[in-house]
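Asks: Take this structure first; my questions come after.
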Ligand code: BTN
């Protein structure tokens, strides 16, 4: 275990060769009293978890990290994943000099490919209180040795050609420091908007109940995406998934 000082708090960091999922382990640790900013990293994951019940490709060559946030103000909950996305983008810029954009809600895009995904999971106690939120971040630093799996090879990319543990660890440090600055900050919504790749674009909206086409208009102060549907109705999306249409 190593330690890093984040905003005056000690982040206890453990690095594993292989784990099923850093999020799964840290959720267990959260229930057992792990402190804020406790961070778990794996060189690779055997059951990396993505949003919407998907898996996340986690071969050697990427950063797979989870960290824990506790004592969250009700007002700040909505900004957790946005803060993680903005922080990952800033960290990637600082370490790899690569400028990513954010495809709503929280996919980081570079050269039109997804290079980073974020999965925030709440840990709820038996009496219904939020004990903490585990923020999982996966960054494709370099492509896997045998390339990305067929299912994602057209949409996945990496921020570099080369993976080193030193750069991976530098990225962890930058993400944690950046998150501590951004989370709860009054500038977060503007930063998130300025990184958005979707404003003004024609998109496909995919929700559990429907799929439809729309134009992305703006992102509000609560990170919702306002769209205009093809029949002229304005809607603000709070969760779900979009894809950008190419003509
Ligand atoms: C997504 O794009 O759908 C979210 C992917 C989140 C992946 C990260 S990798 C580290 C952490 N552990 C997991 O099992 N998932 C997250």
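Residue numbers (the working numbering): 4 to 250.
For every residue, glycine included, the Cβ atom is placed at its ideal position computed from N, Cα and C.
1) Looking only at its chain, what residues have a beta carbon closer than 7 Å to the beta carbon of residue 24, apart from the 5 residues adjacent to it on each side?
2) Nearer than 6 Å: is that true of the beta carbon of residue 240 relative to any heavy atom of ligand 1?
3) Assess, as a yes-or-no matter, whether the region 145-154 is touched by the region 184-199 under the definition of 3 or more beta carbon pairs within less than 8 Å.
4) Sort out for me which residues DSSP pairs residue 110 with in a bridge.
5) Determine whether the beta carbon atoms of residue 235 and residue 79 lie at a separation below 7 Å.
6) Using the three-state DSSP reduction, which class does residue 97 fall into: helix, strand or coil?
7) What is the DSSP secondary structure of residue 203, counted as helix, strand or coil?
8) Just to confirm before moving on: does the CB-CB distance between residue 7 and residue 71 stay below 7 Å?
9) Within the present structure, is the beta-carbon of residue 41 separated from the nearest heavy atom of ligand 1 by less than 6 Å?
10) Just to confirm, is the Cβ distance from residue 219 to residue 140 under 7 Å?
11) Taking the C-alpha atoms as reference points, what is the distance between residue 134 and residue 126?
12) Looking at residue 160 and residue 116, is the spacing between their C-beta atoms short of 7 Å?
13) Answer yes or no: the CB of residue 1 versus the heavy atoms of ligand 1, is any distance below 6 Å?
14) Expressed to the nearest angstrom, what Euclidean distance is found between the alpha-carbon atoms of residue 225 and residue 192?
Replies: Quick answer:
1) Looking up residue 24 in the chain shown gives position 21. Closer than 7 Å at Cβ, skipping near neighbours: 48, 50, 51 and 52.
2) Counting from 1 along the chain shown, the entry for residue 240 is found at position 237. Answer for residue 240: no, Cβ out of range of ligand 1.
3) no
4) What you label residue 110 is simply residue 107 of the chain shown in a count that begins at 1. DSSP lists 106 as partners of residue 110.
5) In the chain shown, the residue the question calls residue 235 occupies position 232. In the chain shown, the residue the question calls residue 79 occupies position 76. Not closer than 7 Å, so no.
6) For the purposes of this step, residue 97 is identified with residue 94 of the chain shown, where counting begins at 1. Helix.
7) Along the chain shown, read from residue 1 onward, the residue named residue 203 stands at position 200. Reduced to three states, the DSSP call for residue 203 is coil.
8) Working through the chain shown from its first residue, we reach residue 7 at position 4. Working through the chain shown from its first residue, we reach residue 71 at position 68. No, these two residues do not count as a Cβ contact at 7 Å.
9) Within the chain shown, residue 41 is the residue found at index 38, counting from 1. Outside the cutoff, so no.
10) As a position in the chain shown, residue 219 is number 216, starting the count at 1. As a position in the chain shown, residue 140 is number 137, starting the count at 1. No. Outside cutoff.
11) Taking the first residue of the chain shown as 1, we reach residue 134 at position 131. Taking the first residue of the chain shown as 1, we reach residue 126 at position 123. In a straight line, the C-alpha of residue 134 is about 6 Å away from that of residue 126.
12) Indexing the chain shown from 1 puts residue 116 at position 113. Indexing the chain shown from 1 puts residue 160 at position 157. Yes, the Cβ-Cβ distance between residue 116 and residue 160 is below 7 Å.
13) This structure gives no information on residue 1, because the portion of the chain shown stretches from 4 to 250.
14) Here residue 225 corresponds to residue number 222 of the chain shown, with the count starting at 1. Here residue 192 corresponds to residue number 189 of the chain shown, with the count starting at 1. C-alpha separation (whole angstroms): 7 Å.
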